[in-house]
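Novice: Okay, here's the structure, questions in a sec.
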Amino acid sequence: MAILKIIVAPDPRLKIKATPVKEVDAGIRKLMDDMLETMYAAPGIGLAATQVGVDKRVIVIDIADTKNGEKPNPLRLANPEVIWASDDTSVYEEGCLSLPQKFEEVTRPARVKIRALNEKNEQIEFEADDLLATCVQHEIDHLDGVIFVDHISRIKRDIILRKLMKEKKQGAFDPKMHAL
Ligand code: NI
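Given below as structure tokens:
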């Protein structure tokens, strides 16, 4: 396994619409494992291949509260898609490993149904609510070149992206961890 470098916004690579995976083979499984290792090291609860500069529709998620004794529960998904979304919404204060230390409230459907390929190349469907619903929608957004600040007002977004640009110039992020 290997720790990958996470791209920090603003960066044109975060705006790429990722290419579907044909089959979850050994190469994709290795990517999923490397992404999980990178996510746990950060630490974070979700990561999309777009964030590590890989043009493939692959995401990993683990929302288990391991600090409070929950067992790790990693999700490895290829070609994830929302096939149903509830009309009711929920608001979460979101963050992102590509926008270090930046948090804003984002409104999204409260419940979604997801279809994806798992690490065994099997098609699966599951329903998500609460934090998992938010997380999976956030990660699928990355595969479409969308970051969470694209859901907030332009003024707030510009302030955050300008701050990140300044921080990058000042060398605020660990170059071993973050690709600048
Ligand atoms: Ni993110």
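Residue 537 in our numbering sits at position 139 of the sequence shown, with consecutive numbering throughout.
Here a beta-carbon is modelled for each residue, glycine too, at the ideal position from N, C-alpha and C.
1) Answer yes or no: the CB of F546 versus the heavy atoms of the ligand NI, is any distance below 8 Å?
2) Have a look at the DSSP bridge pairing and note the partners of A447.
3) Counting along the chain, where does the alpha helix (DSSP H) carrying Q535 start and finish?
4) Just to confirm, does E537 get its C-beta within under 8 Å of one of the non-hydrogen atoms of the ligand NI?
5) Give the single residue among A531, S496 and D542 whose Cα lies nearest to the Cα of K563.
6) In whole angstroms, what is the alpha-carbon distance linking G493 and R555?
7) Could you work out which residue in E479, I522 and I457 is closest to G442 when comparing CA atoms only?
8) Which residues mark the beginning and the end of the beta strand (DSSP E) in which A439 is found?
9) Below 8 Å, is the gap between the Cβ of L497 and the nearest heavy atom of the ligand NI?
10) Report the three-state DSSP secondary structure of V480 (helix, strand or coil).
11) Tell me, to the nearest whole angstrom, how far the beta carbon of R513 is from that of E479; I am working on the premise that it is less than 8 Å.
12) Tell me whether L402 sits in a helix, a strand or coil according to DSSP, three-state version.
13) Assign D432 to buried or exposed, taking buried as 16 or more other Cβ atoms, counted over all protein chains shown, within 10 Å of its Cβ.
14) What does DSSP give as the partner residue(s) for F571 in the beta ladder?
Specialist: Well, looking at it:
1) At a cut-off of 8 Å, the beta-carbon of F546 counts as near the ligand NI: some heavy atom of the ligand is closer than that.
2) In the DSSP assignment, A447 forms no beta bridge with any residue.
3) Its alpha helix (DSSP H) spans residues D528 to L541.
4) For the ligand NI, at least one heavy atom lies less than 8 Å from the Cβ of E537.
5) Checking the sequence shown, residue 563 turns out to be Met, not Lys. Measuring from the Cα of M563, the nearest candidate turns out to be S496.
6) Put simply, the backbone Cα of G493 is about 13 Å away from that of R555.
7) Minimum Cα distance to G442 is reached at I457.
8) Note, A439: premise wrong, no beta strand (DSSP E); alpha helix (DSSP H) at A424 to A439.
9) Shortest gap from the CB of L497 to any heavy atom of the ligand NI: under 8 Å.
10) Strand, per DSSP.
11) Cβ-Cβ separation between R513 and E479: approximately 5 Å, consistent with a contact (criterion under 8 Å).
12) Here L402 sits in coil by DSSP.
13) D432 is buried by the Cβ-count criterion.
14) In DSSP, F571 forms no bridge with anything.
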